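Below: one structure, written as structure tokens.
In full-length UniProt numbering, the protein residues as written are 1 to 138.
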């Protein structure tokens, strides 16, 4: 039996990736990408690099702990890079990688869709809630 290298095993796994299978590693990635803060960070960085403080201001409601965890996870996944500039105070800039830009295209489209169709979703929710309480539709 021939020994396979780690690169060969990864190449074979790529052929077998299927997000519908419970143990598939793509499920972990989909879990990460479905996080609200991940989507918003990627969309915020799509136009260009931002400092940590600029990101924190842009993402209303994110706690410093959550923003830091999100940025670290995205850096680990190769979605963004972090550049530290020694100064007082230290300047930290975040920027999407080419992989991150390919993701930003998709997530920005989802964000734009949500912003465009929110009124329709509200209407559908109200109609559903009314009908589910036994009140006939008008």
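Glycine is no exception: its CB is placed at the ideal position from the N, C-alpha and C atoms. Note that the structure is a prediction, hence the values are computed from the model and not measured.
Using alpha carbons as the reference points, say which of the options lies closest to residue i.
i           : options         : result
residue 55  : 24, 82, 127, 31 : 82
residue 69  : 37, 31, 23      : 37
residue 95  : 89, 108, 84, 80 : 80
residue 104 : 22, 6, 33, 131  : 33
residue 60  : 118, 73, 44, 75 : 44
residue 78  : 88, 101, 90     : 101
residue 85  : 76, 10, 128, 50 : 50
residue 76  : 92, 97, 62, 16  : 97
Taking buried to mean at least 16 other C-beta atoms within 10 Å of its own C-beta, is residue i buried or exposed?
i          : result
residue 71 : buried
residue 53 : exposed
residue 48 : exposed
residue 42 : buried
residue 30 : exposed
residue 99 : exposed
Hey, would you say the C-beta of residue i is under 6 Å away from at least one heavy atom of the ligand PLP?
i          : result
residue 24 : In the structure shown, the ligand PLP is absent, as is every other ligand, since no ligand is present at all.
Query raised in the report: Can you list the beta strand (DSSP E) stretches of 3 or more residues lying completely in the UniProt domain "HTH hxlR-type" (24-122), in chain order?
Result: Counting only runs of at least 3 residues, the UniProt domain "HTH hxlR-type" (24-122) fully encloses the following beta strand (DSSP E) elements, listed from N- to C-terminal order: 80-85, 91-96.
Requested in this report: Pair every Cβ in the segment 37-49 with every Cβ in the segment 96-115, then say whether three or more of these pairs are closer than 8 Å.
Outcome: yes
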